[in-house]
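Colleague: Numbering (the working numbering), first residue to last: 4 to 249.
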Ligand SMILES: Nc1ncnc2c1ncn2[C@@H]1O[C@H](COP(=O)(O)OP(=O)(O)OP(=O)(O)O)[C@@H](O)[C@H]1O
Ligand SMILES: [Mg+2]
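1. How big is the Cα-Cα spacing for residue 181 and residue 194?
2. I think residue 136 touches residue 144, with their Cβ atoms under 8 Å apart; what is that distance to the nearest whole Å?
3. Just to confirm my understanding: we take residue 161, look at its own chain, exclude 5 residues before and 5 after, and list those with CB closer than 7 Å. What are they?
4. Taking 8 Å as the threshold (C-beta atoms), are residue 27 and residue 177 in contact?
5. Under 8 Å, with one C-beta from each stretch per pair, do the segment 207-225 and the segment 47-56 reach the 3-pair mark?
6. Do residue 224 and residue 13 have their C-beta atoms closer together than 8 Å?
7. Does the Cβ of residue 232 have 16 or more other Cβ atoms within 10 Å, making it buried, or fewer, making it exposed?
8. What's the C-alpha gap between residue 150 and residue 188?
9. Excluding five sequence neighbours on each side, which residues of the same chain lie with their C-beta closer than 7 Å to the C-beta of residue 116?
10. Ordered along the chain, which non-local residues of its own chain (more than five positions away) have a Cβ less than 6 Å from that of residue 33?
11. Run through DSSP, which three-state label would residue 71 get?
12. Would residue 89 pass as a contact of residue 123 if the rule is Cβ separation under 8 Å?
13. For the candidate residues 66, 41, 93 and 81, whose alpha-carbon lies nearest to that of residue 119?
14. Buried or exposed for residue 108, please, with buried defined as at least 16 other CB atoms from any protein chain shown within 10 angstroms of its CB.
15. Given residue 75, which residues of its chain have a CB within under 7 Å of its CB, disregarding the five upstream and five downstream residues?
16. Whose C-beta lies closer than 6 Å to the C-beta of residue 59 among residues of the same chain, with five residues either side of it excluded?
17. Sort out for me which residues DSSP pairs residue 28 with in a bridge.
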């Protein structure tokens, strides 16, 4: 299977060269663990190597992300101007009520038309095709999935979502929020349905916070399964592929 370099120092070593090409990978982590940094680093690195990227933000304001990432010397505006990156703001979807619930009683005239989940998928597909996108990052998918209270509907939507990304031929990252600690965490539906899962753990060890990464699964390729330390370095996330956490 062809590989796509992740752009994260040390991580390719855990994966034997990078993410499997054309697959959809879930990045799961707690607040501030570096999910957005991971996603942007992946796209910025792709842009350097000629892969056009699409970043879809479902939570943070695009301008805030651009500001935050300047600390790593990733000038997202510049990449956009050069046609190497497209930043899509889908954060209004998070605020819109699911269609099936109807309009909010306090805003009877408000409409969710045009900002539903299927519409977002269609727009993403169109952009990927029209702009020759090779790498996609969607950050984070959690609020989108919370729109579905019924397990079956949620499952269908998740499958449709991963299928659309896989059918596009892009190598995609989808971030997901982890609300519990490593020990008592419950597996999320997205973890079963995606092609690969990378976990960003925040652990306590002898009174210190330790950041650790683990490749939980990566269908089709052999990979390291140990928990390895990582840090926020001057050029983004860095993994120490041969070190152990404890
Ligand atoms: N130079 C830097 N610029 C920006 N953030 C940095 C820098 N160095 C370290 N950080 C860390 O990055 C963290 C934010 O990373 P990021 O936004 O990627 O996390 P996240 O997992 O996406 O968070 P959230 O769950 O809030 O979306 C900050 O809390 C901070 O600890
Ligand atoms: Mg984030």
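In this text, a Cβ means the ideal position worked out from N, Cα and C, and glycines have one as well.
Modeller: In short:
1. 11 Å
2. Incorrect: roughly 18 Å between the Cβ atoms, too far for contact.
3. 148, 192, 193 and 196
4. yes
5. no
6. no
7. buried
8. 21 Å
9. Low confidence applies here, because residue 116 scores a pLDDT of 42, under 50, leaving its location unreliable; read the following figure in that light. So no residue of the chain qualifies.
10. 181 and 205
11. helix
12. no
13. 93
14. Below a pLDDT of 50, predicted positions are generally treated as unreliable, and residue 108, at 44, falls in that range; no measurement from the model is reported.
15. 238 and 239
16. 91, 93 and 141
17. 176 and 199
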